[in-house]
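So the sequence lines, in the order shown, correspond to chains Z and V. With the working numbering applied, the first sequence covers 548 to 898. With the working numbering applied, the second sequence covers 11 to 547. Virtual Cβ for every residue (Gly too), placed ideally from N, Cα, C.
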Amino acid sequence: MDVLPTIWFIAVAFLWIGYLVLEGFDLGVGMHMLLTGRTNKRRRVMLNTIGPVWDGNEVWLITAGAAIFAAFPFWYASLLSALYLPVLFLLLGLIFRAVAIEWRGKGTSKRWVRTWDLALGLGSFVAAFMVGALLGLTTTGLPLNENGDRVGGAFAWFTPYALLGGFAVVGFCLAHAAIFLALKSDGPVRHNSRKFFVRWGPLVLLPIVAWVLVIQYNSDKLWPLALILIAVIGVVAAWIFARKGREGRAFTGMAVFIVAGAASIFANVFPVVLPSTLDPAFNLTVSNASSGDYTLGVMTWVAAFALPLIMAYQAWSYWVFRRRVSDHHIPDAHSIIPAILTKAGSATTKK
Amino acid sequence: MDPVEIARWQFGITTVYHFWLVPLTLGLGPVVAIMQTLWVRTGKERYLRITKFFGKLYLINFILGVATGLVQEFQFGMAWSEYSRFVGDVFGAPLAMEGLLAFFFESTFLGLWIFGWDRLPKKIHLATLWMAVAGSVFSAYFIIVANSWMQHPVGVELVDGRPVMNDIWAVLTNNTAIAAFTHSIFGAIAVGGGFLLGISWYHLWRRRKDGIDRVDTQGYVVVGENTSIAGRDNEDHRVWLTALRIGAVVAIVGFGGVAITGDIQGKLIFDQQPLKMAAAEAACTDGTSFSVLSIGDLGSSDCNDVAGIIEIPGLLSFLAHGDFTTEVKGVATLVPEYQALYGTNIPDDPIYGDRAGTEINYVPLMEVTYWGFRLMIGFGGLAAFAAVVALWLTRKGTVPASKWIMRLAILGILAPFAANSAGWVFTEMGRQPFSVVPNPNPSGVDGVFMFTAASVSPGVSAGEMLFSLITLTAVYAVLLVVEVKLLVKYTRGGINSAMPEAFHKDEHDDGEHNDPNDPDAAATRRANKDDVLSFAY
């Protein structure tokens, strides 16, 4: 048994799950801005629920990628080169989303705001879908040859599993963000989001449930069923609590759902990190894809120091911004006018 | 088309672009943090204004750096999978450390800073900015550790032909990394200083142009104010003058640091990558003189095609070895040495595709290395000189009324950026044809090297790479236009653009709900005053 590679498989799974729990609602909020945010004020309320924390959440993805590179370079190389186009779209989605969040409020014209709303909403959708496709395929397999390189051209990855994974994460983000918005906002956004979760939650969560079950069905392990049971309890509890208006408990239920559900997937695929659909002999596993024990040992120390610290200060930032956001918190947008003397002898100081 | 060429263009474009944004983040961050520190300690309004104003520009720029940094993290695997497999054991570690120890820090605490105004206690709020800035600096360190390992591989042993890390400490304290890190940080500080200088110059000039500030007969400033323009009060003058002076000093300090660390780095490169420095000199034969101007076909391997027009005797030896007489090897001497050590042809292995068996050209593109090296030094020196001149020109408390000098000051913002880019283009293209450079005079580990041509992803088609190259370049271009427009807009708005609350204090009382008898309106007003976030997206 490879102890260090196993530890790092768990660490990578932990980073991915952390990413889904946290950026799950960020991406979903982006989509909800197009979907359910009817007025500019409501969209701003939505955006400001994630405003202080979204960037920190996104780092979970970057770190998951970097941790795979450090601990399983062969997995990193095969996965990202095989999924060249999906990863490109993931990056483009994240780029547009990031600048949209920061730049949206830096202009006041309708066209400006609308443009960045679209960039934010569509960027979030594309990013969520591509993350889902990537995770879906890394758990179900890609046509890789003995060197770990993709066979079959640029679209060889485009399979039903890619779609399943993509829609699974998109749907999860929508539900997760709805209950997050209900928890973190007040007024119409809170009300509508809770309604969305209760009415549409069961539907949009179907693909992710299907993904979990497909992986379990193809696996010869039984014990991850316990995780799936926990996930089911979590999601049912979330729905019941949401109906009762207990948003905090409902959000916790959703968090339990994704942690246990995603954990069941990682548990089932272990020790394979990236299966080859051509020949099981070409599978990348924790033993044949990993770095040496020295590197893994060093990284274990770094992670053991850093991860608890990260969780502590991120938790603190959530604590600082624990208050619900509502309409009256949002300052009016102000136009930026040049501080220049106009011909009339005075500058316009009107808003 | 050759996938290697496309992948190299993509890496070059995305990386040079990323490193327009990053030095501004690295340079401006500490300055803003120092300004906020001064504000917290002295309570002087001017420092708060500088903090808010340049903090705004810092954030507009920061986000594009974050966004384009994502591409950097993933494109090793996407386009350079063979490289990732070969070096992953050692190269991935600093990247993962960057995520765990730097990026989380930077992003979480910056979020706290952006939204923490008036919500966190003053000192804690200040600390969050320092944490974020520290995160940026840590991340620069780790990524340069990774890059320096490619220039000077240390801390590994070869196991089955693949480098496996056996000494993380050697990797983290790689002399190339320490030199390149400090060099880059000082370069970034120079960028931040030049940025402060140029923008403050514009505002001081604008105040004179608008007749707010005048000069007396001896040329000393007479500060005025114009209350009809939001932000143009008495304090405003002090804000820009302070920022200008600090900017100039920061820039000069930056350039001083760049020169010292550059000298150290130069000597390391002469030792570790002699061919790169020979190419930087377009030095065909061995010699001791530094070329100021050479003409002819720089890329030619025939020594007769290059003519040195102006040369400084002995300087090259001084740069390389610290004396004036030791000969520095030229390309004609070095290429046979490299051929003997690393072969004349790419190995005949199917994994190299069409490139298998082709002859290796060990000489980097000398036009690029020669001019990259000189532009780096030239732009850097020019900007340092300009900063000194700026200090002298503003000694009487304001800037000259000349529009052209103002334009030069604005244009001068670009010089340190250009120097940074030229330096990176030089050092990365001077690394070719290797992605991991062998060090023939090894303080590094012997035999660890990889050809760029062997580094690309074998499974990715040229079409995919071309598509991503075009898409990324187009998206980056559009975003750059937007970023510059936003920076210009917020710059022209002056202090008022960054802290409107300071100049529109009575706004809520002018609103339509101003009936003093209406309890709802009064409640709303109170709620507004108590509750409105001091910053929201």
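Asked: Contact set between residue 665 (chain Z) and chain V, taken where Cβ atoms lie within less than 8 Å; Found: The premise fails here: residue 665 (chain Z) is roughly 14 Å from chain V at the closest Cβ pair, so nothing lies under 8 Å.
Asked: Neighbour flag for residue 579 (chain Z) against chain V, beta carbons, 8 Å; Found: no
Asked: Members of the segment 628-650 of chain Z near chain V, C-beta cut-off 7 Å; Found: 628, 629, 631, 632, 634, 635, 638, 639, 641, 642, 645, 646, 648, 649 and 650
Asked: Residue 848 (chain Z), buried or exposed, once every other Cβ within 10 Å from all chains shown has been counted against 16; Found: exposed
Asked: Interface residues of chain Z facing residue 561 (chain V) [CB-CB closer than 8 Å]; Found: Since the first residue of chain V shown is 11 and the last is 547, residue 561 (chain V) is not available in this structure.
Asked: From V:544, V:543 and V:499, residue whose alpha carbon lies closest to that of residue 655 (chain Z); Found: V:499
Asked: Chain V contact for residue 657 (chain Z) (CB, 8 Å cutoff); Found: no
Asked: Rounded straight-line distance, which links the Cα of residue 222 (chain V) to that of residue 516 (chain V); Found: The predicted position of residue 516 (chain V) is uncertain, since its pLDDT is 48 and thus under 50; a value taken from the coordinates is nonetheless stated next. In a straight line, the C-alpha of residue 516 (chain V) is about 25 Å away from that of residue 222 (chain V).
Asked: Extent of the continuous alpha helix (DSSP H) run through residue 40 (chain V); Found: 13-52
Asked: Chain-ordered chain Z contacts of residue 5 (chain V) [CB-CB under 8 Å]; Found: Because chain V is modelled from 11 through 547, residue 5 (chain V) falls outside the range shown and cannot be assessed.
Asked: Per-residue contacts from residue 877 (chain Z) into chain V (C-beta, under 8 Å); Found: 542, 543 and 546
Asked: Contacts around residue 127 (chain V), its chain only, beta-carbon distance under 8 Å, and the 5 residues preceding and following it disregarded; Found: 135, 544 and 545
Asked: Cβ pair count under 8 Å reaching 3, the segment 185-203 of chain V against the segment 109-119 of chain V; Found: no
Asked: CB contact check: residue 524 (chain V) to chain Z, cutoff 8 Å; Found: With a pLDDT of 48 at residue 524 (chain V), under the threshold of 50, the modelled position of that residue is not reliable, and no figure is offered here.
Asked: In DSSP terms, what residue 683 (chain Z) is bridged to; Found: Paired residue(s): none; residue 683 (chain Z) is not in a bridge.
Asked: Under 8 Å between C-beta atoms of residue 808 (chain Z) and residue 755 (chain Z); Found: yes
Asked: is_contact[residue 489 (chain V), chain Z] using C-beta, thresh 8 Å; Found: yes
Asked: Contact with chain Z by residue 184 (chain V), beta-carbon distance below 8 Å; Found: no
Asked: Chain Z residues whose Cβ lies nearer than 7 Å to that of residue 130 (chain V); Found: 867
Asked: Any chain Z beta carbon closer than 8 Å to residue 370 (chain V); Found: no
Asked: Sequence-distant residues of the same chain with beta carbon closer than 7 Å to residue 653 (chain Z), five excluded per side; Found: none
Asked: Neighbouring residues, chain V, relative to residue 861 (chain Z) (Cβ below 8 Å); Found: 114 and 118
Asked: Beta-carbon contacts of residue 129 (chain V) that lie in its chain and below 7 Å, excluding the five residues immediately before and after; Found: none
Asked: Alpha helix (DSSP H) runs wholly inside the segment 441-523 of chain V, at least 4 long, in chain order; Found: 472-503 and 505-508
Asked: Proximity winner among Z:628, Z:678, Z:619 and Z:627, relative to residue 518 (chain Z) (alpha-carbon distances); Found: In this structure chain Z extends from 548 to 898, so residue 518 (chain Z) is not present and cannot be described.
Asked: Where residue 587 (chain Z) falls: helix, strand or coil (DSSP); Found: helix
Asked: Short CB-CB distance (under 8 Å) between residue 653 (chain Z) and chain C; Found: The structure shown contains no chain C; the protein chains it does contain are Z and V.
Asked: Contact set between residue 595 (chain Z) and chain V, taken where Cβ atoms lie within less than 9 Å; Found: 125, 543, 546 and 547
Asked: Residue 689 (chain Z), DSSP secondary structure in three states; Found: strand
Asked: Within 9 Å of chain Z by C-beta, residues of the segment 90-110 of chain V in sequence order; Found: 90, 91, 92, 93, 94, 95, 96, 97, 98, 99, 100, 101, 102, 103, 104, 105, 106, 107, 108, 109 and 110
Asked: Residue of V:97, V:219 and V:33 minimising C-alpha distance to residue 464 (chain V); Found: V:97
Asked: Closest residue to residue 16 (chain V) among V:167, V:152, V:125 and V:467 (Cα-Cα distance); Found: V:467
Asked: Cα-Cα separation between residue 215 (chain V) and residue 393 (chain V), rounded to whole angstroms; Found: 20 Å
Asked: Which of helix, strand or coil DSSP assigns to residue 405 (chain V); Found: coil
Asked: 8 Å Cβ cutoff met for residue 578 (chain Z) and residue 593 (chain Z); Found: no
Asked: Strand pairing of residue 378 (chain V), partner residues [DSSP]; Found: None, per the DSSP bridge assignment.
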